[in-house]
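Note sheet for the following structure.
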Amino acid sequence: MKRFIFLGPPGAGKGTQADYLSDKLSIEHISTGELLRQEINEKTALGEKARSFVETGDLVPDEIVIEILKEHIRKIRGAGYILDGYPRNTAQAESLEEHEIIVDKAVLFDIDKETVVKRLSGRLYCPKCKKFYHSEYRPPQKDMACDNCGRALVRRKDDDPVSIENRIKVYFDQTHPLIEYYEKKGKLEHIDANRSVEAIHKDLFKRIGR
């Protein structure tokens, strides 16, 4: 069984690579953000607990996120998984261990700040399919329209220059201790994320996919 977490700043390509590797290895790509939205939309008990925090713009408490993760991992019945978007700090990583949510390898996508800014500022998003495009690196077949559903693509509010700078700062402030945490456990794997999507695919599978 393969159980990973993907670490890296916004724009490092974690979601793209998680989709690739989950398909290649037939394991689950678990995005905590998507899980929260799903629980809220389905009005589950945990979703209702999370709703009040989301609606006021507050962070959902770790204990709620952990319970949602535990329930989802229980449903996939022992299959491998990639956690994307969680944990973000050492306290959350320790909480995963306490609740026996296992991480075999933490994959860190190393990327230059300049590359992050360039990637995020050109990012496009389909609000229906939740699929990302890029005006330069991965343009849609038709200008500003989703290839899957034809819906008009949008730019996320947090992809403006000021928000990008803030998100990068928050990431490095919060995540540096988390990187050290997994490094001390001998579980950290570095991936150079400044390269093309295809080059990262090959390196990622070579490092952890076998």
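Counting in my numbering, the sequence shown tops out at residue 1035, every number present. Don't be surprised by glycine CBs; every beta carbon is placed ideally from N, CA and C.
It is roughly 17 Å from the alpha-carbon of E859 to the alpha-carbon of Y845.
Listed in chain order, the non-local C-beta contacts of H1026 below 6 Å within the same chain comprise Y845, local neighbours out to five positions each way being set aside.
R862 and E892 have their C-alpha atoms some 14 Å from each other. Where R899 is concerned, the enclosing alpha helix (DSSP H) starts and stops at D887 to K900. Comparing alpha-carbon positions, the option among I1033, Y1006 and A1018 lying closest to R913 turns out to be Y1006. Counting every other CB atom within 10 Å of its CB across the protein chains shown gives E1008 a total below 16, marking it as exposed. No Cβ-Cβ contact shorter than 8 Å links C971 with P964. Judged by DSSP secondary structure, R944 falls within the alpha helix (DSSP H) whose first and last residues are K938 to S946. Around the beta carbon of R948, 16 or more other beta carbons lie within 10 angstroms, which makes this residue buried. F934 is positioned such that its CB atom lies no closer than 8 Å to that of I989. In the DSSP secondary-structure assignment, F934 is bridged to I1016.
Counted as a single uninterrupted DSSP element, the alpha helix (DSSP H) harbouring L921 occupies residues T915 to E923.
Look at the beta carbons and you see the segment 828-848 touching the segment 942-962: at least three pairs across the two are nearer than 8 Å. Under the three-state reduction of DSSP, Y1007 is assigned to helix. According to the DSSP assignment, D909 belongs to the beta strand (DSSP E) that extends over Y906 to D909. Looking only at N973, S847 and M826, the smallest Cα-Cα distance to G903 is reached by M826. Spatial neighbours of E853 in its own chain (CB-CB distance under 6 Å, excluding positions within 5 residues in sequence) are listed in chain order as I901, A904 and Y906.
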